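S.K.: In this note's numbering, the protein residues as written are 6 to 78.
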Amino acid sequence: MGTPADHLPDDKDALKAALIEARAKLSGAEALIEHLQLVIAKMKREMFGPRSERSQRLIDQMELRLECGRLVL
């Protein structure tokens, strides 16, 4: 079984081309990950609905008021 270095070309230009290709693949993978994260967030919003989001905002506001009240005391 060979190591990944065994599959690298010896030519400088070929190495540059391989690096450019690897960077392009990485960039594409990062874009896909970002897209999937957005899709997941959208699906979660759809699953829990606007009422759940509103409820969470109200809870967050109440918690903030509670913390502010503690600071005053």
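Note that CB positions come from ideal geometry on N, CA and C, so glycine has one too.
These numbers come from a predicted model, not from an experiment.
Is D16 helix, strand or coil when you go by DSSP?
M.R.: coil
S.K.: In angstroms, rounded to a whole number, what distance separates the CA positions of H40 and K21?
M.R.: 29 Å
S.K.: I'd like to know whether the C-beta atoms of L13 and A23 end up nearer to each other than 9 Å.
M.R.: yes
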